[in-house]
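Novice:
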Amino acid sequence: MPSNDIIRKDLHNRGKASLMSKEVVCIFLLGLVLLAIGCFAMLLSGLEKVLLFSFVFTKTQYVLMDSILLNIPPYIWGITNATFIFGIVLVVIGVIIMVLAKRVRT
Numbered sequence: 000m001p002s003n004d005i006i007r008k009d010l011h012n013r014g015k016a017s018l019m020s021k022e023v024v025c026i027f028l029l030g031l032v033l034l035a036i037g038c039f040a041m042l043l044s045g046l047e048k049v050l051l052f053s054f055v056f057t058k059t060q061y062v063l064m065d066s067i068l069l070n071i072p073p074y075i076w077g078i079t080n081a082t083f084i085f086g087i088v089l090v091v092i093g094v095i096i097m098v099l100a101k102r103v104r105t
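In terms of numbering that gives the first Met the number 0, the sequence shown opens at residue 0 and continues consecutively.
#1: What three-state label does DSSP hand Phe-56 in the structure shown?
#2: Assign Pro-72 to one of three DSSP states: helix, strand, or coil.
#3: With distances taken between CB atoms, is the gap from Leu-34 to Val-94 smaller than 8 Å?
#4: In angstroms with no decimal places, state the Cα-to-Cα distance between Leu-42 and Lys-48.
#5: Which word fits Ile-84, buried or exposed, when buried means at least 16 other C-beta atoms lie within 10 angstroms of its C-beta?
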C-alpha cells in the first residue's frame, strides 16, 4: 500500500498538470481571439475601400485606379491600408500563438 507522501506527491503533480493545461488553453484562446480580430480588421479595411469607392463614384461604369487615387486623398487610403496591414499582423501573431500553444500542449 502506498504511503501518504507518495499519494500527496501524485496529487500535487496532477494539480500542476491540470493548471498547465488550463494555462495552455487560455493562451490558445488568446491566439484565437487575435486571429478573429485580425480577420475582422482586414474585412473592415475592404469595407472602407468599397464605401470610399461608392461614395466618390456613384454613376460611373468604368473607372481607372488612377482616377480613384486622384479623387480620394492619400491619407484616407493610408488609413485603409494601415487597417489591412494591422489585420494581417494580428492574424500572423494569432496563428503563431496558437501553434506554439498546441506544441506545448502535446
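Glycine is no exception: its CB is placed at the ideal position from the N, C-alpha and C atoms.
Specialist: According to the data block:
#1: coil
#2: coil
#3: yes
#4: 10 Å
#5: Around the beta carbon of Ile-84, a 10 Å sphere encloses fewer than 16 other beta carbons of the protein chains shown; the residue is thus reported as exposed.
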